[in-house]
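Q: Going left to right, the sequence shown walks through residues 15 to 411 as the numbering used here numbers them. Where is the CB? At the ideal position from N, CA and C, for every residue including glycine. This one's a predicted model, so the numbers in the text were calculated from it and none came from an experiment.
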Amino acid sequence: MPASVAASALAVEHSRIRELAEVAMTMNGVLKLYFGESNLPTPEYIKRAAQKAMADGFTFYTENAGLPSTRQAIARYYEELQGVRLDPAGEIVVTASGVQALNVGIRCALDPGDEAIVLTPAWPNGSAIVQMANALVRQVPHVLCGGRYEIDFDAIEAAITPRTRLLLYTSPSNPLGWVATEADQDRLLELARRRDLWLLADEVYDRLYYPDLPPKSKPPDRVFAPSILRKATREDAVMVVQSFSKTWCMTGWRVGWMVARKDLAARATMLNEFIVSHAPSFGQRAGETALLWGEMALREMMIRLRANRDLCLAALSKMPGVTTPKPEGAFYLFPKIEGLTDSFGFCKKLLLDTSVGLAPGVAFGAGGEGSVRICYAAEREILEQAMVRLGDFLKSR
Ligand SMILES: Cc1ncc(COP(=O)(O)O)c(C=O)c1O
């Protein structure tokens, strides 16, 4: 028998966002709203910090858990922003991106044959990584109640089996823009403690948050969605995944981090040796600078994102048969289109006919079919054109 690709590798489902993007990449002039990244380049001060780090000799291997100075910078950031004290030596692991933090965190929580509950619709990578760990995914969709998504706690309880070891949720959510309330966080923690589960919170969008402020009030200097780390003790089986990608426009840099209970963080550090060893050395130094000096650029980006969100919401509200819950965070809209049963086919036709590239809701797992995801971190003119073309396309269906 010729050697074949392992059945467990073949069982991992491909990303349907990528499938759509591959069609778009063969076309010219596409309005690209399918990927989850800002069109803004990395701010200059961060690029300069990386150049300086290279000149200063940060071109060698670092510790598996990341440079001590980077871990200290992350600990300081949590203390100042979230009021949470972390031990930089034991509870923080710098990773080569958020997705690598998810990989190593999930690998440390699951044995082959274990089960993980993933709250969906969600970025597909969490479920795929569970499959890559030879474990089983049970997706539990959020439910829409009165225009706002909520966690279906009864469905979570019903999905737990004796093999369940992990509960993964994303807040702020990609693609929903939903943000866990304090009450949600309390209940998730209580459930994880009672059922002996690891609770993995993907918080990569925590700084892209739009709190409802009283009219004419001044927004606080530093806006953030409160982390689960504020509620959890350091003994809780809790992991938080983070990234420099979204907040500081550093998607191509591949630097992120994980906060976890000490025993898991130590194992993740050790496994890092065999996965990527560590995040790029000069990227880690640049990340320290981003944490220190990023607030001004972030504030400007958030003004733009809020305006983009509102522009798209207003346009979508005029399209018949389209319902769009108002996102509280991240940079996505997830409109539900009446009667839509094949979101991939819809997005492909929209792309081919109008050159508007959206991500199909089906890509985001249970509860996603029937919707499409719009990433609004693009130029205003692109969004305006995309909304006109989407509206016309819907009318012509
Ligand atoms: C919910 C979520 N988590 C994690 C990531 C990973 O980001 P990165 O690997 O670029 O750090 C993404 C990227 O789109 C995301 O949407």
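Rounded to whole angstroms, what is the Cα-Cα separation between Pro176 and Ala25?
A: Numbered from 1 along the sequence shown, position 162 holds the residue referred to as residue 176. Numbered from 1 along the sequence shown, position 11 holds the residue referred to as residue 25. Cα to Cα, the separation comes out at about 23 Å.
Q: My parser needs the alpha helix (DSSP H) runs of 4 or more residues fully inside the segment 311 to 384; what are they?
A: Within the segment 311 to 384, the complete alpha helix (DSSP H) runs of at least 4 residues are 357 to 368.
Q: Is there contact between the segment 288 to 301 and the segment 141 to 159, where contact requires at least three CB pairs shorter than 8 Å?
A: Counting Cβ pairs under 8 Å, fewer than three are found: no touch.
Q: Can you give me the Cβ contacts of Leu81 inside the same chain, cut-off strictly under 6 Å, excluding the 5 residues immediately before and after it?
A: In the sequence shown, counting from the first residue as 1, residue 81 sits at position 67. For Leu81, where only same-chain residues beyond five positions count, the Cβ hits under 6 Å are Gln298.
Q: Go through its chain and collect everything with a Cβ distance to Gln153's Cβ below 7 Å, but skip five positions before and after it.
A: As a working mapping, residue 153 is identified with position 139 in the sequence shown. If we look at Gln153 and ignore the five residues flanking it on each side, its Cβ neighbours are Val132, Thr134, Ser141, Gly379, Ala380.
Q: Near ligand 1, which residues have their beta-carbon less than 6 Å from any of its heavy atoms, given in chain order?
A: Here the list is Gly50, Ser111, Gly112, Val113, Trp137, Thr184, Asn188, Asp216, Val218, Ser257, Ser259, Thr265, Gly270.
Q: Contact check, Gly119 vs Ala282 under 8 Å by CB: the rounded distance?
A: Within the sequence shown, numbered from 1, the residue matching residue 119 stands at position 105. Within the sequence shown, numbered from 1, the residue matching residue 282 stands at position 268. Confirmed, Cβ separation roughly 6 Å.
Q: Classify Ser83: buried if its beta carbon has 16 or more other beta carbons within 10 angstroms, exposed otherwise.
A: Position 69 of the sequence shown, counted from the first residue, corresponds to residue 83. The residue in question, Ser83, is exposed, as its Cβ has fewer than 16 Cβ neighbours within 10 Å.
Q: Measuring CB to CB, does Ala206 end up less than 8 Å from Leu319?
A: Residue mapping note: residue 206 aligns to position 192 of the sequence shown, counting from 1. Residue mapping note: residue 319 aligns to position 305 of the sequence shown, counting from 1. Not a contact, by the Cβ cut-off of 8 Å.
Q: Run through the DSSP bridge pairs and tell me what Asp216 is partnered with.
A: Here residue 216 refers to the residue found at position 202 when the sequence shown is read from its first residue. For Asp216, which the question treats as bridged, DSSP gives the partners Thr184, Val255.
Q: Using the three-state DSSP reduction, which class does Glu302 fall into: helix, strand or coil?
A: Sequence index remark: in the sequence shown, residue 302 carries index 288 (1-based). The answer is helix: DSSP assigns Glu302 an H, G or I state.
Q: Considering Cα atoms alone, identify which of Arg121, Glu309, Ala38, Ala279 is closest to Lys362.
A: Indexing the sequence shown from 1 puts residue 362 at position 348. When each option's Cα is compared against that of Lys362, the closest is Ala38.
Q: Please classify Asp324: is it buried, with 16 or more other beta-carbons within 10 angstroms of its beta-carbon, or exposed?
A: The count along the sequence shown starts at 1 and reaches residue 324 at position 310. Asp324 is exposed by the Cβ-count criterion.
Q: Under 8 Å, Cβ to Cβ, is there at least one residue of chain D near Ala87?
A: Among the chains in the structure shown there is no chain D, since it carries only a single protein chain.
Q: Would you mind sorting Cys122 into buried or exposed? The rule is 16 or more other CB atoms within 10 Å of its CB.
A: Here residue 122 refers to the residue found at position 108 of the sequence shown. Classification of Cys122: buried, given that the 10 Å Cβ count is 16 or more.
Q: Three or more C-beta pairs closer than 8 Å, one from the segment 284 to 291 and one from the segment 47 to 56: is that the case here?
A: As far as the Cβ criterion goes, the segment 284 to 291 does not touch the segment 47 to 56, which means the pair count is below three.
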